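In the numbering used here, the protein residues as written are 27 to 481.
Virtual Cβ for every residue (Gly too), placed ideally from N, Cα, C.
Note that this is a predicted model, so its numbers are computed, not measured.
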Ligand code: GLN
């Protein structure tokens, strides 16, 4: 059914860069056979899943939305993909994304944008717009995303889906093509909170291949979601509304649905208070120094020698000329912009002023969170300032594009979990609105409980 739906919808959406087709059907019948043979398979065995193209898959190309990796088939599976396979989920294909996960609209994909199923003239969010659109359009019941500054939560907001950025270290990054290693986390995308919890249970947990992987034993997120799905589940819960992240600058319909969601939380027994996070206004500035710095280092490996594209100038060339021609042809403008920003921020003489200052701001933001979580159990904000904007609207204005992630970036800078879930449609344009929930590091289960209550 998923493959049929993909065949019908892809002409409009372009959510996928690769569709597994017969390989998916074959795997599905293998799972049926295992079940018929009496094997005890987990709750998600046989369920199809779409995989963001930033994740390595040994049987499908993994391009991260870039020409420089066009056609590259990795020699191994990302840990999260291996875990999906052993739980019996059926990979449906690879989803479209902004090149190397840089963007908020999928318009920076080297393979063309994805369209929002709610309105084909609008963006599906980014960088994981393909995963969110695939789930929103019923091409796939589940998808995987990655979130460095909002790439799971912002697409979820603008497509009416659920997306979870786990605690940093809660899900393995092994085999996830790196953007900014201190910020990247892989997480689930789905249509319900319980579905995300079930997927998180499969992909999460310690991985010795990832040196930043936490050794914690995690509770069942599905159990947490089930505990939340009752009317008065939240009595005694303190919910903090971040003063700096609602109100001014947010679309009227986003504010309206957000206020209604707060009323629902209160009706379920939560106490709503306002908290302040004075340094959040510097989050985007700090992020756009830290991210490019880390990205410029991570992207140095696309050198035309190790993998992917190789462009040789006419008549040959030195190693340096081949590298330069390859990177010129293989990287898109946003990637080049960030490499230049990052190498500048890290260069001798500027390091302390830029990268060093940004790291200090990061600490101040973490302290804002610590202070807030000494008063409340959960923080809430709208997931994004506006509903889906029109394709083309912000593509020539990097700063306008960057400002989209004002609500989501702080959680990445602090390494804490953040969940986005739908809370209705904005009255003025009929497009989905999302709420973001954040909890202290390691308290992912709390988000599943609160999220399920709101649903
Ligand atoms: N939109 C943000 C950026 O462009 C976040 C991207 C992400 O989370 N991968 O960096």
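Item, Value
"Residue 220: first and last residue of the uninterrupted alpha helix (DSSP H) it sits in", "219-229"
"Cβ-based burial, residue 191 [other Cβ within 10 Å; buried from 16]", "buried"
"Rounded straight-line distance, which links the Cα of residue 154 to that of residue 456", "22 angstroms"
"For residue 464, the residue or residues it bridges with in DSSP", "405, 444"
"Chain-order list of residues whose beta-carbon lies under 6 angstroms from that of residue 74 (same chain, five-residue window excluded)", "28, 116, 118, 166"
"Residue 236 beta carbon near the ligand GLN (any heavy atom closer than 7 angstroms)", "no"
"The alpha helix (DSSP H) enclosing residue 395, as first and last residue numbers", "383-399"
"At least three beta-carbon pairs within less than 8 angstroms, the region 148-162 to the region 35-43", "yes"
"Residues bridged to residue 142 (per DSSP)", "145"
"Residue burial classification, residue 368 (beta-carbon count within 10 angstroms, cutoff 16)", "buried"
"For residue 262, the nearest candidate out of 299, 384, 349 (CA to CA)", "299"
"Helix, strand or coil at residue 44 according to DSSP, with G and I counted as helix", "strand"
"Reduced DSSP secondary structure (H/G/I, E/B, other) of residue 67", "coil"
"Contacts around residue 448, its chain only, beta-carbon distance under 6 angstroms, and the 5 residues preceding and following it disregarded", "186, 458, 460"
"Sequence ranges, beta strand (DSSP E) only - wholly within the region 155-203, length at least 3", "168-173, 188-191"
"Backbone secondary structure at residue 77 - three-state DSSP", "strand"
"Reduced DSSP secondary structure (H/G/I, E/B, other) of residue 344", "coil"
"CA-to-CA distance, residue 470 to residue 287, given in whole angstroms", "20 angstroms"
"Residue span of the beta strand (DSSP E) that contains residue 264, given as start and end", "264-268"
"Cβ-based neighbour list, residue 193, same chain, cut-off 6 angstroms, excluding 5 preceding and 5 following", "443, 467, 468, 470"
"Residues near residue 95 by beta carbon distance below 6 angstroms, same chain, minus five either side", "89, 334"
"Inter-stretch contact (C-beta, 8 angstroms, three-pair minimum) for the region 142-153 and the region 385-400", "no"
"Residues of its chain near residue 65, where Cβ-Cβ distance is below 6 angstroms and the 5 sequence neighbours each way are ignored", "none"
"At least three beta-carbon pairs within less than 8 angstroms, the region 106-114 to the region 53-71", "yes"
"Simplified DSSP assignment, three categories, for residue 216", "strand"
"Contact between the region 133-146 and the region 48-57 (3+ Cβ pairs under 8 angstroms)", "no"
"Inter-residue Cα distance where the pair is residue 81 and residue 201", "6 angstroms"
"Any non-hydrogen atom of the ligand GLN closer than 7 angstroms to residue 92 Cβ", "no"
"Inter-stretch contact at 8 angstroms, needing at least 3 Cβ pairs: the region 410-429 / the region 383-393", "no"
"Exposed unless 16 or more other CB atoms sit within 10 angstroms - verdict on residue 347", "exposed"
"Beta-carbon separation (whole angstroms), residue 174 vs residue 209, contact threshold 8 angstroms", "5 angstroms"
"Residue 414 versus 31, 130, 46, 218, residue with shortest Cα-Cα distance", "130"
"Proximity test, residue 349 beta-carbon vs the ligand GLN heavy atom, cut-off 7 angstroms", "no"
"According to DSSP, residues forming a beta bridge with residue 121", "42, 78"
"Close Cβ partners of residue 319 (< 7 angstroms) along its chain, the five nearest in sequence each way excluded", "368, 371, 372, 381"
"Closer than 7 angstroms: residue 183 CB and nearest the ligand GLN heavy atom", "no"
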